[in-house]
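K.L.:
The opening position of the sequence shown corresponds to residue 1 in full-length UniProt numbering, with each subsequent residue numbered one higher.
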Amino acid sequence: RARLSQQHGRDVKSLSEETNAARRAVAERVKIEKSLAQAKIAEENAAMRQKLANASGRDAKALGEETEALRAAVEERRLMEKHLAAARMMEENQEMKRRLAEAGSKGRDAKALSEETEHMRQAVERRRLRDAEAKAAKMRAENAEMKRRIAEASEHGRDEKALSE
Numbered sequence: 001r002a003r004l005s006q007q008h009g010r011d012v013k014s015l016s017e018e019t020n021a022a023r024r025a026v027a028e029r030v031k032i033e034k035s036l037a038q039a040k041i042a043e044e045n046a047a048m049r050q051k052l053a054n055a056s057g058r059d060a061k062a063l064g065e066e067t068e069a070l071r072a073a074v075e076e077r078r079l080m081e082k083h084l085a086a087a088r089m090m091e092e093n094q095e096m097k098r099r100l101a102e103a104g105s106k107g108r109d110a111k112a113l114s115e116e117t118e119h120m121r122q123a124v125e126r127r128r129l130r131d132a133e134a135k136a137a138k139m140r141a142e143n144a145e146m147k148r149r150i151a152e153a154s155e156h157g158r159d160e161k162a163l164s165e
């Protein structure tokens, strides 16, 4: 009641002592549980570090001398074959250049049509031009006849529209 007399408002603005004591007890218990959990994790981590430090590798990280010698022999043989292939390729290239030079000095096949074929082509071309000109002349004659008929029909009309006298 003494506390209530010090307050200015009607409602109570703070928690009771029992509630505050209960809150402090819960906070203390949580703090202890947290420190115990951290101690347990630290102990487990130390045990794991010890286990990892004592562990040894299961396999060798390097090849044996015999395997290394075999690999070196294979590499040496591969390089020798590569050099031989390069030398063989160089010889083949020189032979090809020689054959090309030799072929260039000799006559090759004709790059033009024979005279007979040329005459036949020219005859076919003349015939084609003559036929085209004849077709064009026929078309001109037909067009002229058509124009004459149209002009004649336009002069008289199709039928008489006026009465006869």
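Glycine included, each C-beta is placed from N, C-alpha and C at the ideal position.
1) Assuming A69 is part of the alpha helix (DSSP H), what are its boundary residues?
2) Starting from A136, trace the alpha helix (DSSP H) both ways and give me its first and last residue.
3) Run through DSSP, which three-state label would L15 get?
4) Quick one: what's got a C-beta closer than 8 Å to A136's C-beta in the same chain, skipping five residues either side?
P.N.:
Quick look at the numbers:
1) On the sequence shown, position 69 is the one that residue 69 refers to. Residues E65 to S105.
2) On the sequence shown, residue 136 is found 136 positions in, with the first residue counted as 1. A136 -> alpha helix (DSSP H) spans E115 to H156.
3) Position 15 of the sequence shown holds residue 15. Residue state, collapsed to three classes: coil.
4) As a working mapping, residue 136 is identified with position 136 in the sequence shown. If we look at A136 and ignore the five residues flanking it on each side, it has no Cβ neighbours.
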